[in-house]
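Enquirer: Basically our numbering = 1-based index in the sequence shown + 100.
Quick one: this structure, given as structure tokens, is what I'll be asking you about.
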Amino acid sequence: MDFEKLQAVKVEKRDGVATVMLNRPEKRNAMSPQLHFEMVDVLKELAEDDETQVLVLTGAGDSWCAGQDIKLFFRELDDKPKERHLARLANHEWRWTLLSAFPKPTIAMVNGYCFGGAFVQLFACDFAIAADDAQFGLSEVNWGILPGGLVGKVIVDGLSYRDAVWYAMTGEPFDGRKAAEIKLISKSVPADKLHETTMELAQSLCRKNPQTLRTIKESLRLVRGMSVDQAADYLLAKEREMRFMDPESGRAKAMKQFLDDKTYRPGIGEYQRDEA
Ligand code: COA
101 MDFEKLQAVK VEKRDGVATV MLNRPEKRNA MSPQLHFEMV DVLKELAEDD ETQVLVLTGA
161 GDSWCAGQDI KLFFRELDDK PKERHLARLA NHEWRWTLLS AFPKPTIAMV NGYCFGGAFV
221 QLFACDFAIA ADDAQFGLSE VNWGILPGGL VGKVIVDGLS YRDAVWYAMT GEPFDGRKAA
281 EIKLISKSVP ADKLHETTME LAQSLCRKNP QTLRTIKESL RLVRGMSVDQ AADYLLAKER
341 EMRFMDPESG RAKAMKQFLD DKTYRPGIGE YQRDEA
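Below, the structure is given as structure tokens:
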């Protein structure tokens, strides 16, 4: 895929990390139909890209994402059912289907505004780090619309019910520190440390066993909707699948490093990928 041809998205790859940037800074990275279509292609491409071990999702300029583009995604498509249908499919496909099941770790690097529809991709990412002064808000109530398009679902699943209702019904904006306090994100840091902190996390993930990370991610996401018996059985099956699928034979290698070579303390040290 030729990333240079993208208009609403930018992709940069470096040291195992693909940084995917929503790239409409003049519109605060509000999501247009074109952005949705491009993101579907980008995520499909990067999912099986050998150079990409971790994906970072961020925004160009001083905004992460100002939600759906009210003009291009809503008003202009109101009377175009076919175009609206295709845009909605793409919108759901990248922000949920492809991103939440992306086979590698994903980090939302929230550099600024994060409003409305942006909460879907925020929750779809495995990690979220924001600048302390980033601004968040469920502003739908101020537009006379629902936190729809899955926003209402991800907030009640991912926040306390009290916080979900508070922010959805008041539309009150809040900053990165508050977002960390209510566990909407993993942590917030001063804006000038955002990139460095995100890349440190990305690099630490690059040093881990990719198959193990993938299986942990898939398992944690899916067991949430299972009964205890289903989860126990599913986790056992995933454990076996992982051993079978892991080209690094990480389990056997770690046991050898710990039990035989005595070179490794897994409780306090990192799995050593390059040895054996
Ligand atoms: N849809 C369409 N256009 C948007 C947009 C959105 N969600 N968010 C911002 N824009 C556009 C503005 O219309 C403006 O366009 P213009 O230059 O052609 O006039 C441009 O982006 C810059 O926005 P502006 O409001 O001037 O920037 P700001 O930095 O002062 O404020 C926001 C930024 C994000 C606080 C403000 O634009 C805003 O409240 N946007 C709506 C966010 C929202 O409620 N999203 C959820 C939708 S459900």
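Backbone N, C-alpha and C define an ideal beta-carbon position, used for all residues, glycine too.
1) Does the distance between the C-beta of E370 and the nearest non-hydrogen atom of ligand 1 fall short of 7 Å?
2) Taking C-beta to C-beta, are L259 and L284 nearer than 8 Å?
3) If you run the structure through DSSP and keep just helix, strand and coil, what is D232?
4) Where L198 and P366 are concerned, what is the direct C-alpha to C-alpha distance, given to the nearest angstrom?
5) In whole angstroms, give me the CA-to-CA distance for R351 and L122.
6) Which same chain residues end up closer than 6 Å to I255 when comparing Cβ atoms and leaving out the 5 residues on each side of it in sequence?
7) DSSP three-state label for E112, please.
8) Would you be able to state if there are at least three C-beta pairs under 8 Å between the region 191-208 and the region 150-157?
9) Following a CB-centred definition, is D169 positioned closer than 7 Å to any heavy atom of ligand 1?
10) I'd like the ranges of any beta strand (DSSP E) spanning at least 3 consecutive residues and lying wholly in the region 161-187.
11) L155 by DSSP, collapsed to three states: which one?
12) With DSSP as the reference, please indicate the residues paired to I207 in a beta bridge.
13) Pull up the CB-CB distance for V111 and V140, whole angstroms please, since I reckon it's below 8 Å.
14) For R128 versus A166, is the C-beta spacing smaller than 8 Å?
15) At the level of alpha carbons, what is the spacing between A231 and L313?
16) Just mark L106 as buried or exposed, buried being the case when its beta carbon has 16 or more other beta carbons within 10 Å.
17) From L359 to R277, what distance separates their C-alpha atoms?
18) By the three-class DSSP mapping on this structure, what secondary structure does L198 have?
19) Determine, using beta carbons only, whether F274 comes closer than 8 Å to chain D.
20) Does the beta-carbon of I255, which I'm using as the reference point, lie nearer than 7 Å to any heavy atom of ligand 1?
21) With a 10 Å radius around its C-beta and 16 neighbouring C-beta atoms as the bar for buried, classify N242 as buried or exposed.
22) Any idea which residues DSSP pairs Y213 with across the strands?
23) Output the boundary residues of the beta strand (DSSP E) element that contains M121.
24) Tell me which same chain residues have a C-beta within less than 7 Å of the C-beta of A331, skipping the five on either side of it?
25) Report the CB separation of F215 from S239 in whole angstroms; it is logged as a contact under 8 Å.
26) Rounded to a whole number of angstroms, what is the C-alpha to C-alpha distance between M131 and F137?
27) Express the C-alpha separation of G244 and G116 in angstroms, rounding to a whole number.
28) My assumption, with CB atoms under 8 Å, is that Y334 sits in contact with M326. Please give the rounded CB distance.
Expert: Taking the geometry as given:
1) no
2) yes
3) coil
4) 32 Å
5) 38 Å
6) A264
7) strand
8) yes
9) yes
10) 163-165
11) strand
12) V156 and F227
13) Incorrect: roughly 13 Å between the Cβ atoms, too far for contact.
14) yes
15) 26 Å
16) buried
17) 43 Å
18) helix
19) Here there is only one protein chain, and chain D is not present.
20) no
21) exposed
22) S163
23) V117 to L122
24) V323
25) 5 Å
26) 10 Å
27) 43 Å
28) 6 Å
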